[in-house]
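Residue numbers (our numbering), protein chains in the order written: chain A, 815 to 1027; chain B, 815 to 1027; chain C, 815 to 1027. Reviewing the structure listed below.
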């Protein structure tokens, strides 16, 4: 198995985690199968789609429709067998797979933007974050849930930190690109996994409302 | 009158129905004329705009601004004469015109995507659905109404079924394209019209919430 | 200082006003620094980004990332020193700078679209309005606030009037373009400033809800 194969399988696992978590997250609301597929698929491919539109390159799933098939299949499976997917250990597994996928998609996106020389040095960070969290934001808006921007979950911040570090590495240590990719991926995943495991939240003093009084 | 003329007039009637229904749907909320025009026009052209952006082709209304004029005119007329448009028989008429327009826009979009060879075989279905319901989704998000993804209305499902069948036809029976177009259009319109007439909803057992207990 | 320099400094002041007002507008909600930066930056550059995507030209901030740096800096400053930014006279100052920026961005956008010959004659008006208010709409959707389309604030209407007049001027008096730009900018700013100063709202009779009974 080559590195590319590995990367592909991880991307597919991440797509499953994105779509499946999305369907689980609207399970308490009454949704039909169609809505489950739409919300699952948008969550899985929405961020990368917005990235590619801003970059003005062909959207990634038009070149490889496997992403769509996998998203749809994961959404349907979660809808049909939600009792299974709802089990605590499956949910936990998916949270960690989701964290890994977020980290990988963000790092990959930053690399893609950097290689295109698009809007340097800020666009690799911005589009890395958009790729990782954009699909979830669209899902929450369509499902009228509170978006993660308004929550205290430690979700987007590790992505931001990782993408900044990765872009700095690409700028100042381009010869260590592979090492940098792995390090930033591990960093994002590590912070996110810690946040899941210890239920870490954005601390009170870092909130704007808290500073008001 | 050629087939193209006919298609143009139906498209314009559909645009009127989209814009006008949109303005009626926010009538219970206090909106001013500006908001009515924006919401009406977005509903009428928003889905096709998102489709063309994803396809990376010029947005359709930039090539034929008639769509915009008709949307604006229909929005203004509905705002000014909403008492007339509110009448039951007008609302019903618009529901059916809307159903026909949804069917036609979806089939046309699938054909456009298929001819571009974009993201086959899934993109014709995805972008057919986006063209048909995308504008309404944006309207509901901007007007903070429940999106149709969260409702039990049988609206998007017929579109999905029709686009899947149409894409299968294009793939396996390309020589019957015209017949296929008409059949899928009639199918989508038929299911949707039945849903309107008999007030059909997505059945309870097909909802995710219902399956929970 | 050339006219171009002046225009650049005004654009930067406008960017600061957009980002800073956005952060202030979500201050009553608990948001963390990350969300403040995202919402501030989206408000500042979101409208122009949507415009450029519809025009299918490179997004403006990819060519000049100063817009991003200024948005992020203004968002951070407002988050950290919100007590200062919250002061009445600062808020008022920002309201007027925001009004000026809205006017300038709208007129600039209309000119850009006109020069591209894109979707004439309606697109310069539509994309002028989108440039001016699009970022704020995205912010409100992500922060789950009432969008300005649903409020009675006299915000988008002056932009619409100004863009229509400006486009008419470009069409019928192209030789007076510079004068026209200044006049329309002053007109939009004037109406908006009057609305701020006298707390003008969209009159009751122009609302759809009011007309119902």
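Ideal Cβ positions, reconstructed from N, Cα and C, are used throughout, including at glycine. Values in this document were obtained by computation on a predicted structure and should not be read as measured data.
Residues of its chain near residue i, where Cβ-Cβ distance is below 8 Å and the 5 sequence neighbours each way are ignored
| i | result |
| --- | --- |
| residue 1027 of chain C | Only weak support is given to the placement of residue 1027 of chain C: the predicted model assigns it a pLDDT of 43, under 50, and the value that follows is read from those uncertain coordinates. Counting only Cβ-Cβ distances below 8 Å, and skipping sequence neighbours, we find nothing. |
| residue 966 of chain C | 1015, 1016, 1021 |
| residue 900 of chain B | 838, 841 |
| residue 834 of chain B | 854, 888, 889, 891, 892, 899, 908 |
| residue 850 of chain C | 837, 840, 889, 890, 892, 893 |
| residue 963 of chain B | 951, 970 |
Which residues DSSP lists as bridging residue i, in chain order
| i | result |
| --- | --- |
| residue 819 of chain A | None, per the DSSP bridge assignment. |
| residue 846 of chain C | A/1021 |
| residue 1015 of chain A | A/967 |
Same chain, Cβ closer than 7 Å to residue i, neighbours up to 5 away in sequence not counted
| i | result |
| --- | --- |
| residue 1025 of chain C | Summary for residue 1025 of chain C: the model assigns pLDDT 49, below 50, so the residue's position carries little reliability, and this model does not support an answer. |
| residue 937 of chain A | 927 |
| residue 876 of chain B | none |
| residue 946 of chain C | 861, 916, 919, 920, 973 |
| residue 913 of chain C | 1003, 1006, 1007, 1010 |
| residue 944 of chain A | 861, 864, 865 |
| residue 868 of chain B | 941 |
| residue 999 of chain B | 917, 918, 921 |
| residue 935 of chain A | 981, 985 |
Burial state of residue i, where buried means 16 or more other Cβ atoms lie within 10 Å
| i | result |
| --- | --- |
| residue 905 of chain A | exposed |
| residue 893 of chain C | buried |
| residue 821 of chain A | exposed |
| residue 1006 of chain B | buried |
| residue 860 of chain C | buried |
| residue 961 of chain A | buried |
| residue 984 of chain C | buried |
| residue 907 of chain C | exposed |
| residue 881 of chain A | buried |
| residue 863 of chain A | buried |
| residue 987 of chain C | exposed |
| residue 865 of chain B | buried |
| residue 848 of chain B | buried |
| residue 932 of chain C | buried |
| residue 981 of chain B | buried |
| residue 874 of chain B | buried |
| residue 825 of chain C | buried |
| residue 895 of chain C | exposed |
| residue 968 of chain B | buried |
| residue 817 of chain C | exposed |
Close beta carbons around residue i, own chain, < 6 Å, minus the five adjacent residues each side
| i | result |
| --- | --- |
| residue 953 of chain B | 836, 853, 856, 857 |
| residue 878 of chain B | none |
| residue 823 of chain C | none |
| residue 911 of chain C | 827, 831 |
| residue 948 of chain C | 860, 861, 864 |
| residue 995 of chain B | 921 |
| residue 956 of chain B | none |
| residue 942 of chain B | 920, 923, 924, 977 |
| residue 951 of chain C | 961 |
| residue 1001 of chain C | 976 |
| residue 979 of chain B | 998 |
| residue 939 of chain C | 977, 978, 981 |
Min CB distance residue i to chain F below 8 Å
| i | result |
| --- | --- |
| residue 973 of chain C | Absence of chain F from the displayed structure is noted, the protein chains being A, B and C. |
Please list the residues of the region 891 to 917 of chain A that have a C-beta atom closer than 7 Å to any C-beta atom in chain B, keeping them in chain order.
-> Of all residues in the region 891 to 917 of chain A, 893, 896 have a Cβ within less than 7 Å of some Cβ in chain B.
Return the residues of the region 815 to 840 of chain A that lie within a Cβ-Cβ distance of less than 8 Å from chain C, sorted by chain order.
-> Here the close residues number zero.
Which residues, in order along the region 931 to 942 of chain A, keep a beta-carbon less than 8 Å from a beta-carbon of chain C?
-> Here the close residues are 932, 933, 934, 935, 936, 937, 940.
Residues within the region 864 to 878 of chain B neighbouring chain A, beta-carbon criterion of under 8 Å | From the region 864 to 878 of chain B, only 867, 868, 870 have a Cβ closer than 8 Å to chain A.
How do the region 918 to 936 of chain B and the region 974 to 984 of chain B stand: do at least 3 beta-carbon pairs fall below 8 Å, yes or no?
-> Yes, the region 918 to 936 of chain B is in contact with the region 974 to 984 of chain B.
According to a CB-to-CB cut-off of less than 7 Å, which residues of the region 941 to 968 of chain B neighbour chain C?
-> For the region 941 to 968 of chain B, the set of residues with a beta-carbon nearer than 7 Å to any beta-carbon of chain C comprises 955, 956, 957, 958, in chain order.
Cβ contact check for the region 1008 to 1015 of chain C and the region 989 to 997 of chain C: 3 or more pairs under 8 Å | Taking a cut-off of 8 Å for Cβ pairs, the region 1008 to 1015 of chain C and the region 989 to 997 of chain C do not touch, as fewer than three such pairs fall below it.
Give, in chain order, every residue of the region 983 to 1016 of chain C whose Cβ lies closer than 9 Å to some Cβ of chain B.
-> The region 983 to 1016 of chain C vs chain B, Cβ under 9 Å: 1016.
May I ask you to verify whether the region 823 to 830 of chain B touches the region 874 to 886 of chain B, counting CB pairs closer than 8 Å and requiring at least 3?
-> The region 823 to 830 of chain B vs the region 874 to 886 of chain B: in contact.
State whether the region 841 to 848 of chain A contacts the region 833 to 848 of chain B, with contact taken as three or more CB pairs (one from each stretch) at a distance under 8 Å.
-> Judged by Cβ distances under 8 Å, the region 841 to 848 of chain A makes no contact with the region 833 to 848 of chain B, as fewer than three pairs qualify.
Pull out every residue of the region 840 to 862 of chain A whose Cβ sits closer than 9 Å to any Cβ of chain B, in chain order.
-> With the criterion set as a beta carbon lying under 9 Å from some beta carbon of chain B, the members of the region 840 to 862 of chain A are 840, 841, 842, 843, 844, 845, 846, 847, 848, 849, 850, 851, 852, 853, 855, in sequence order.
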